[in-house]
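The next block holds one structure in the form of C-alpha cells; read it before the comments.
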Ligand code: CA
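Numbering (our numbering), first residue to last: 600 to 822.
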C-alpha cells in the first residue's frame with residue numbers, strides 16, 4: 600500500500616511518514632500543493648493524506664484538480680480548521696474522511712485502514728445503504744425508488760449517518776457536525792431531528808436503518 604502525504608509542516612510530515620512506514624505503508628511526502636498534485640497523477644497511490652493550508656495550491660485545489668481529471672484515489676484531509684463549512688467543503692469535493700489537528704496517530708491509522716478497506720471502487724457522488732440512495736451533488740435522497748422530501752439539515756444529518764454507517768455516533772458529535780453546536784448545548788435538538796428523519800426515511804419502509812444506542816447515540820445500517 601502506497602500513501603502520498605501532502606504536508607508542508609516538516610515535523611508533521613516526518614511524524615506521519617515514520618508512523619505509517621512502521622505500520623507497513625510505503626510513504627511519499629510532498630511539501631506543496633503543486634508537487635502533491637503532480638505526484639498524485641504520476642504515481643498510483645492507494646491513498647492521499649492532504650493538508651488544507653499548503654503553499655502553491657491549497658488542499659482544496661489539489662483534490663479538485665485530481666477529481667476534475669478523474670483521479671479517484673481516496674483522499675483523507677488533515678485540517679487545522681475545524682469549522683463545519685470547511686469539513687463539508689472537503690467532503691463535497693470528494694474527500695473520504697478528515698481529521699482535525701492535533702490528532703492522535705492511532706486514530707489516523709484506524710481511519711486510514713478503514714478507508715483502504717473500502718477499496719478503490721468508490722462512487723463519490725452517490726452513497727448507498729440498503730435501498731436508500733443519497734446524491735451528494737444534487738442533494739437528493741431516495742429510498743425504494745421514491746424521492747424523500749428532506750430539509751437541508753435533515754439531508755446533512757442523513758449524509759453524516761450514512762458516511763459513518765456502522766459507527767455509533769454520539770449526540771454531541773452529531774450536534775457538533777450538523778449544527779455546529781458544542782457538547783454543552785442542548786443535544787435534544789438531535790433527538791428531535793432524528794425523530795423527524797425517521798418519519799421520512801424509516802417509518803414508511805420495511806427495514807429500519809436508523810437505530811438508537813441507549814445512553815450513547817445513534818448508529819446507521821441494516822440490522
Ligand atoms: Ca499546512
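Built from N, CA and C at the ideal position, the CB exists for glycine as well.
Rounded to whole angstroms, what is the Cα-Cα separation between residue 775 and residue 669?
On the chain shown, residue 775 is found 176 positions in, with the first residue counted as 1. On the chain shown, residue 669 is found 70 positions in, with the first residue counted as 1. The straight-line gap from Cα to Cα measures roughly 32 Å.
From the DSSP output, which residues share a beta bridge with residue 697?
The residue labelled residue 697 in the question sits at position 98 within the chain shown. In the DSSP assignment, the residues bridged to residue 697 are 676.
Please indicate yes or no: does the CB of residue 665 lie closer than 7 Å to some heavy atom of ligand 3?
Annotation note on ligand 3: not contained in the displayed structure, which lists ligand 1 as its ligands.
In terms of alpha-carbon separation, which member of 602, 773 and 807 lies closest to residue 742?
Here residue 742 is taken as the residue at index 143 of the chain shown, counted from 1. If we check each option's Cα against that of residue 742, 807 comes out closest.
Quick one, what's near ligand 1 if you take every residue whose CB is closer than 6 Å to any heavy atom, in chain order?
607, 608, 650, 652 and 653
Is the segment 731 to 741 in contact with the segment 704 to 714, if contact means three or more CB pairs nearer than 8 Å?
no
Apply the 10 Å Cβ neighbour rule to residue 641 and answer buried if 16 or more other Cβ atoms are within range, or exposed otherwise.
Locating residue 641 in the chain shown gives position 42, where the first residue counts as 1. Result: exposed.
Who are residue 655's beta bridge partners in DSSP?
For the purposes of this step, residue 655 is taken as the residue at position 56 of the chain shown. In DSSP, residue 655 forms no bridge with anything.
Determine the burial state of residue 722: buried for a count of at least 16 other Cβ atoms within 10 Å of its Cβ, exposed for fewer.
On the chain shown, residue 722 is found 123 positions in, with the first residue counted as 1. Unreliable placement is indicated for residue 722, whose pLDDT of 49 sits below 50; no coordinate value is reported for it.
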